[in-house]
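Numbering (the working numbering), first residue to last: 1 to 1125.
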């Protein structure tokens, strides 16, 4: 615990080089002030570096670019592999685990060790990995790297420890799962095929053991060759040479026939009695043309042949449609008896898998569902109903339904907000789902003790807003809002922005939400702002529209003053606020070019509309076109429900709107906000320069953030860094205008402009944009003795301006009397663009902004009571009897953070956060009952600073470099948590609090649950006698080191899993140890049974000998008299 004492002398000036140990004091303006009465700030800081640790908590959303699928039918858990090396394991709601291969290689195939709590992954770098799922955080136990051959297919028989691995060369290798060592038993391709065959059969595309006999392995080669290999005799039972390439093979459960899918869209059925030709070939979607020929069809990529006890078998396959039907969506076909059902999918099918009642391949399968993995969705089809409905997905797989363009994270929300949002949102849910329970119900999860209400808000490119319940590290959608409903549908031939905004005129740029008052505000890409109020009742309403002309006609060029570090400011009292009604005009002095230049980008509905319960649009504010140029994008927003005010700014200036009276209070250019306190010399230049680039930059749709183009982040230490989002062509398939590339480059440059360390090196063509806004009770001037409502304004040049406001306190007066507002002349300075402004009291506690208690304006009961406003004001001096009046202002920019004492405006502490990079996001958050400043930098560092002393507490290189998507979506919240969009479809949450990291283990779900393996059905005497000797097959005798020897070390390299004691404990308690113990126990049991059998045989032999001797004695003595014995 460290105490910081500061005696304010009032005569010193602020020093940018001040350190934490000796904080500098004085006026930020650098001008001498009257000596105040010496004050003492006594703040006990409780946070230390041990309170912080960075760790990933959970990942939500659909796995980006999926490649593989697997299901454990006993544990009932599902695994999905991705192109980036990720593995997502899903069970019942709450059981959701993400694992990542260190190599980042794509996952080719997944194989569960059924009911063993383990998973085998085969990756594109030709490495096999064994994952232990018997812990909340799965870990790799073993890896096996193939050096000379590429892995193409893997197969692990049920209850076997030997994994079959097919390669690109056509060879089949066998790996011991327990030791992850290669067996010496190899099936070479040239031995599998006949010696007379002159061509290579191609890579192995299928491996499976015969349901009739586990000692027979069916090998499918890409060229169309199929071989059944006798593992005991090491020779082929039969060979099939087919003309068409093979994609998949599926057995009938009796092992007498199997089905193949081919590249020409056909299905071939083969019987083991006659393998010279298939006994059935069908083209499910191929029709006979007029000339008698079959129409050509697309390949059938996979087929599954599943039998049912009480009905006809199921044939399920993907693909096979005819080529002539262009534009048809991908399909999954279900053939059941004579019925053929074609299910059209929204996205291409990556993989599908039938879920069956039994894990044994030699029993009737009884399929009850089909899991279909699409490129951007996961669906499960119910096979038990004839109309094949889909199950309602309990996982948040639709985050990316429209590309995410912004995020917001709110922890410790009012407890009643989540139930009421859910009650409204559930009314709009889709219907027609299967009534059965979600079939993936494995694992266990309980609500932890360290939970509190959390809400995540995502904004999307189509103008929709989604509210998510993020409590207890889960994610469930509560409510969806469509902002486009406030506007008329734009016609293709109309609209000034038709040539610039192509697809996403309603894309969300930023959101502002007050959970207490439930006031919600969104900023759109078309320079529009929508204010929503929440109501539990539907209503007839007319949306009020305000139009603001915030367009400078003369752009300002900055010329640094000679006295740059200590610019001479005028006294704050010398600038008198102008009347509010004068600010509704343009900041510029020119006239419009006619009515055509005074139109907004979108048209608000001007009629009475019926709105459902939930968030209802009340006010729309739009910026207007001016002088042939579109409005500039809005760069900052803040709303305060207690004041009834809304403030927003862009690179031209600032506007303040009274949303209670529906009037514009202030509309000023950034230059006019300074008055006589401007620290810079301004030079005007031609207003028509760079018109094209600003127009394109303003109006380009946000979905271009997800284009295939490279993202550039320019920093002062690195002139140009190219980052690829790896999105391929599946990301977005949108038409681009010829200026799209130039517009994208323009937007990237706006993000990647060089962040200079001093004001003197700022680009002369850079406008001074409003970058952050904050309402609050503060002191606008040094002479103020009581806090008043203020608006703090931060700019891109590191300047903070204070604007006081006079707001009537009486309810009736507030609705009728105007709010007076105007610049005070107070200016504070920092390096770099200002990002965040927060307030602390003199005890170091975070001051919450005043707010209005929520009231439902559409409530039917007591309308007079509902019209009265109930305000909650949290004054900075309410808990500061011992400290006197005043409060602390924490201001963070791209380069540094400063703590000012108000009203003296003295800089108490300053800390240069980074010299080589720049801060992307900064927030003052609560951690461990205290507060800190959390920062995320463009170089991927996550940092925390103590408050108010700004001591570094945490600095972790979390990401190598942040790309544009992460930069736009990264946000912190209270409780030491943060999130960002890790891919276009996934949200990654992380914790930087040690307490949160410690409690994480308790909050995660268990993937493995001890379950008895179902017993195999009794096959009966005849089936067992004529069905082969599969149960007498011992793989250990064939593949073990004693019989087959060791595999070639140069072919595959064994890589042990986690090092250290933790890895040893994992291995000891993991599946390998369990399998070994189970085998030892089985061997011991067999040995004891053998000894018992020997003793029983010995006793039977002894009994027979005794009986024989007794019989001989009886024969000998039966004719003798008693006296002859």
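We treat Cβ as the ideally placed atom computed from N, Cα and C, and that holds for glycine.
Beta-carbon contacts of residue 410 that lie in its chain and below 8 Å, excluding the five residues immediately before and after: Start at 1 with the first residue of the chain shown, and residue 410 comes out as number 410. So the list reads 454, 455, 456, 457, 513, 515 and 973, once near-sequence residues are dropped.
Cβ separation of residue 543 and residue 522, assumed to be a contact under 8 Å, to the nearest whole Å: The sequence position of residue 543 within the chain shown is 543, counting from 1. The sequence position of residue 522 within the chain shown is 522, counting from 1. Going by Cβ atoms, the distance from residue 543 to residue 522 rounds to 14 Å, so no, they are not a contact pair.
Three-state secondary structure assigned by DSSP to residue 417: Working through the chain shown from its first residue, we reach residue 417 at position 417. The three-state secondary structure of residue 417, taken from DSSP, is helix.
Cβ of residue 45 within 8 Å of any chain D Cβ: The chain labelled as chain D is not found in the depicted structure, where only one protein chain is given.
Minimum length 3: unbroken beta strand (DSSP E) runs contained in the stretch 318-389: Segments of the beta strand (DSSP E) lying fully in the stretch 318-389: 331-336, 339-344, 349-356, 367-374 and 378-382.
Run of the beta strand (DSSP E) containing residue 670, from where it starts to where it stops: The residue you call residue 670 lines up with position 670 of the chain shown. Per DSSP, residue 670 belongs to no beta strand (DSSP E); it is in the alpha helix (DSSP H), 670-674.
For residue 792, the first and last residue of its enclosing beta strand (DSSP E): To locate residue 792, count along the chain shown from 1; it is residue 792. According to the DSSP assignment, residue 792 belongs to the beta strand (DSSP E) that extends over 788-795.
Residue 888 and residue 840 closer than 8 Å at C-beta: Along the chain shown, one-based indexing puts residue 888 at 888. Along the chain shown, one-based indexing puts residue 840 at 840. If you check the CB distance, residue 888 and residue 840 come in under 8 Å.
Collapsed DSSP secondary structure at residue 782 in the structure displayed: Within the chain shown, residue 782 is the residue found at index 782, counting from 1. DSSP places residue 782 in coil when its eight states are reduced to three.
Residue 951 burial status per 10 Å Cβ neighbour count (16 or more: buried): Position 951 of the chain shown, counting from 1, holds the residue named residue 951. Burial state of residue 951 is buried, judged by a 10 Å Cβ sphere holding 16 or more other Cβ atoms.
Minimum C-alpha distance to residue 1128 - residue among 222, 242, 207 and 246: Limits of the chain in this structure are 1 at one end and 1125 at the other, which puts residue 1128 out of reach.
Stretch pair the stretch 343-363 + the stretch 299-307: three plus CB contacts closer than 8 Å: Touching, yes.
Helix, strand or coil at residue 633 [DSSP, three-state]: Here residue 633 refers to the residue found at position 633 of the chain shown. Of the three classes helix, strand and coil, the one that applies to residue 633 here is coil, per DSSP.
Bridge partner(s) assigned by DSSP for residue 614: What you label residue 614 is simply residue 614 of the chain shown in a count that begins at 1. DSSP output for residue 614 lists 535 as bridge partner(s).
Meets three-Cβ-pair contact criterion under 8 Å: the stretch 932-942 and the stretch 916-923: Contact holds: three or more Cβ-Cβ distances are below 8 Å.
Residue(s) in a DSSP beta bridge with residue 467: Numbered from 1 along the chain shown, position 467 holds the residue referred to as residue 467. Its beta-bridge partners are 457 and 479.
Limits of the unbroken alpha helix (DSSP H) element including residue 811: For this step, residue 811 is matched to residue 811 along the chain shown. Run containing residue 811: 811-816, per the alpha helix (DSSP H) assignment.
Of the residues 364, 525 and 61, the one placed nearest residue 395, counting alpha carbons only: For the purposes of this step, residue 395 is taken as residue 395 along the chain shown, with counting starting at 1. Among 364, 525 and 61, the Cα nearest to that of residue 395 is on 61.
Ordered list of alpha helix (DSSP H) runs contained in the stretch 166-218, each at least 4 residues: The qualifying runs are 189-192.
Burial state of residue 290 (16 or more Cβ within 10 Å): As a first step, residue 290 is located in the chain shown; it is residue number 290 there, counting from the start. Exposure of residue 290 is indicated by the presence of fewer than 16 other C-beta atoms within 10 angstroms of its C-beta.
Cα-Cα separation between residue 501 and residue 784, rounded to whole angstroms: Within the chain shown, residue 501 is the residue found at index 501, counting from 1. Within the chain shown, residue 784 is the residue found at index 784, counting from 1. Model confidence at residue 501 stands at a pLDDT of 49, short of 50, so the residue's coordinates are unreliable; what they give is reported in the following sentence. Roughly 48 Å between the two C-alpha positions.
Option nearest residue 99 by Cα separation, candidates 124, 632, 127 and 131: On the chain shown, position 99 is the one that residue 99 refers to. For the residues 124, 632, 127 and 131, the minimum Cα distance to residue 99 belongs to 131.
Top-ranked residue by Cα proximity to residue 191, from 210, 224, 381 and 234: Looking up residue 191 in the chain shown gives position 191. Nearest in C-alpha terms to residue 191, of all of 210, 224, 381 and 234, is 234.
Residues that DSSP places opposite residue 828 in a beta bridge: Within the chain shown, numbered from 1, the residue matching residue 828 stands at position 828. As DSSP reads the structure, residue 828 sits in a beta bridge with 800.
CB contact flag (residue 975, residue 412, <8 Å): The residue you call residue 975 lines up with position 975 of the chain shown. The residue you call residue 412 lines up with position 412 of the chain shown. Yes, Cβ-Cβ distance for residue 975 and residue 412 is below 8 Å.
Residue 966, enclosing alpha helix (DSSP H) - first and last residue: Stepping through the chain shown from its first residue, residue 966 is reached at position 966. It spans 964-969 - the alpha helix (DSSP H) in which residue 966 sits, taken as one unbroken run.
For residue 428, three-class secondary structure by DSSP: Here the question's residue 428 lines up with position 428 in the chain shown. Here DSSP, grouped into helix, strand and coil, assigns residue 428 to helix.
Same chain, Cβ closer than 7 Å to residue 257, neighbours up to 5 away in sequence not counted: The residue you call residue 257 lines up with position 257 of the chain shown. Within the same chain, residue 257 has close Cβ partners 269, 270, 271 and 272.
DSSP state of residue 898 mapped onto helix, strand, coil: As a working note, residue 898 is residue 898 in the chain shown. Strand.
Presumed contact (8 Å Cβ cut-off) between residue 993 and residue 907, rounded CB distance: The residue you call residue 993 lines up with position 993 of the chain shown. The residue you call residue 907 lines up with position 907 of the chain shown. Residue 993 to residue 907, Cβ: 29 Å. No contact.
Nonlocal neighbours in the same chain, by C-beta distance under 8 Å from residue 959, ignoring five residues either side: Here residue 959 is taken as the residue at index 959 of the chain shown, counted from 1. Only 940 and 966 meet the Cβ criterion.
Supposed close pair residue 444, residue 1006 - CB separation, criterion 8 Å: On the chain shown, position 444 is the one that residue 444 refers to. On the chain shown, position 1006 is the one that residue 1006 refers to. So it is a contact: roughly 5 Å between Cβ atoms.
Residue range of the beta strand (DSSP E) that includes residue 88: In the chain shown, the residue the question calls residue 88 occupies position 88. Element bounds for residue 88: 86-90.
Anticipated Cβ contact below 8 Å, residue 379 with residue 390, distance rounded: Position 379 of the chain shown, counting from 1, holds the residue named residue 379. Position 390 of the chain shown, counting from 1, holds the residue named residue 390. With a Cβ gap of about 5 Å, residue 379 and residue 390 count as contacting.
Own chain residues within Cβ distance below 7 Å of residue 184, not counting five before or after: Stepping through the chain shown from its first residue, residue 184 is reached at position 184. Hits under 7 Å: 1044, 1045, 1046 and 1047.
Beta carbon of residue 801 nearer than 8 Å to that of residue 673: The sequence position of residue 801 within the chain shown is 801, counting from 1. The sequence position of residue 673 within the chain shown is 673, counting from 1. It is a contact, given that the beta carbons lie within the stated cut-off.
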